[in-house]
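Protein chains in written order, with the numbering used here: chain A, 10 to 124; chain B, 32 to 140.
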Amino acid sequence: GAGVSQSPSNKVTEKGKDVELRCDPISGHTALYWYRQSLGQGLEFLIYFQGNSAPDKSGLPSDRFSAERTGGSVSTLTIQRTQQEDSAVYLCASSLEASSYNEQFFGPGTRLTVL
Amino acid sequence: SQQGEEDPQALSIQEGENATMNCSYKTSINNLQWYRQNSGRGLVHLILIRSNEREKHSGRLRVTLDTSKKSSSLLITASRAADTASYFCATDHDYKLSFGAGTTVTVRA
């Protein structure tokens, strides 16, 4: 079966522009997570969705970052007015449900470069 | 912020040797997961060990967890060139993963 997919695989943008990153989780997985990986900060949690519950946004670094998940499946991470420090690989993961028994499976990531 | 710390930061071994890396963390966890990453892209899930488990095996991988010491270890036996990668431990607290900085393993042919 298909794993987690993300698009685009690479995105280059200019400082100040908005970007949208997309994640398609594994079919049937109710929990979806966003992380980012940068040289300075390593791997950081950003936000997660579990079913129809309100998302846990505790990891979002600023109000320029937002995410939504439509129909309990596909998710879009939006970064407004991008800054150079937003350059990172953005990783999406999904799991059967958010629980201590379930592994999180990661997509290939989107490499974002802000010039 | 990173909760886990891996040790060593880098490891170079000969093919066929065993590789051991350690992970320490600070707060209580639901589970601890180990991942492998090649070329700075997607993370491949290796193994999950729950907080009430002490040891788990999967193929050539052996993971231990000592919650009293807040530490875990990953052992790769009979290493192969294809095991060359970065390895990360991730602690699950409230279903959010907190990653360490990783151990870079190089297996020499």
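The beta-carbon is built from N, C-alpha and C at its ideal position, and this holds for glycine as well.
Are any of the Cβ atoms in chain B nearer than 9 angstroms to that of L52(A)?
True, the Cβ-Cβ gap to chain B drops below 9 angstroms.
If I measure Cβ to Cβ from V98(A) and keep anything under 8 angstroms in the same chain, skipping five residues before and after, which residues do I get?
For V98(A), where only same-chain residues beyond five positions count, the Cβ hits under 8 angstroms are R45, Q46, S47, G118, T119, R120, L121.
Verify whether the separation of the beta carbon atoms of I60(B) and H124(B) is less than 9 angstroms.
Yes; because the gap between Cβ atoms is below 9 angstroms, this pair is in contact.
Who are the near neighbours of D27(A) in its chain, counting only those whose CB is closer than 8 angstroms to its CB and skipping five residues on each side?
For D27(A), where only same-chain residues beyond five positions count, the Cβ hits under 8 angstroms are T87, I88, Q89, R90, T91.
Can you say whether E37(B) is buried or exposed, counting buried as having 16 or more other CB atoms within 10 angstroms of its CB?
It is buried - the Cβ of E37(B) has at least 16 other Cβ atoms within 10 Å.
Does Q92(A) get closer than 9 angstroms to chain B when you measure Cβ to Cβ?
Chain B, which has no Cβ nearer than 9 angstroms to the Cβ of Q92(A), makes this no.
Just mark A107(A) as buried or exposed, buried being the case when its beta carbon has 16 or more other beta carbons within 10 Å.
A107(A) comes out buried.
Can you tell me which residues form a DSSP beta bridge with G51(A)?
Note: G51(A) sits in a beta bridge opposite S47(A).
Which residues, taken in chain order from the region 104-128 of chain B, show a beta carbon closer than 9 angstroms to some beta carbon of chain A?
Per Cβ criterion, the list reads F119, A121, D123, D125, Y126, K127, L128.
Closer than 6 angstroms by C-beta to A41(B): which residues in its own chain qualify, once you throw out the five before and the five after it? Chain order, please.
Around A41(B): T135.
If you draw a straight line from the alpha carbon of L63(B) to that of V123(A), how long is it in whole angstroms?
For L63(B) and V123(A), the distance between alpha carbons rounds to 33 angstroms.
Quick check: the Cα distance between G37(A) and D65(A), rounded to an integer number of angstroms?
Rounded to whole angstroms, G37(A) to D65(A) spans 20 angstroms at the Cα level.
My output table needs one value for E29(A): the three-state DSSP class, helix, strand or coil.
E29(A): strand per DSSP, three-state reduction.
Tell me the rounded alpha-carbon separation between E86(B) and D97(B).
Looking at the two C-alpha atoms, the distance is approximately 9 angstroms.
Measuring only between beta-carbons, confirm whether L74(B) sits less than 9 angstroms from chain A.
It does: the Cβ of L74(B) has a partner Cβ on chain A nearer than 9 angstroms.
Tell me whether G131(B) is buried or exposed, calling it buried when 16 or more other Cβ atoms sit within 10 Å of its Cβ.
Answer is buried; the Cβ neighbour count reaches 16.
With respect to the beta strand (DSSP E) encompassing R78(A), which residues constitute its N-terminal and C-terminal limits?
Counting along the chain, the beta strand (DSSP E) containing R78(A) begins and ends at 74-78.
Per DSSP, what are the beta-bridge partners of T9(A) in this structure?
In the structure displayed, chain A extends from 10 to 124; residue 9(A) sits before or after that span and is not available.
Quickly, what does DSSP pair N83(B) with across the bridge? List them, please.
In the DSSP output, where bridge partners are listed per residue, N83(B) has none listed.
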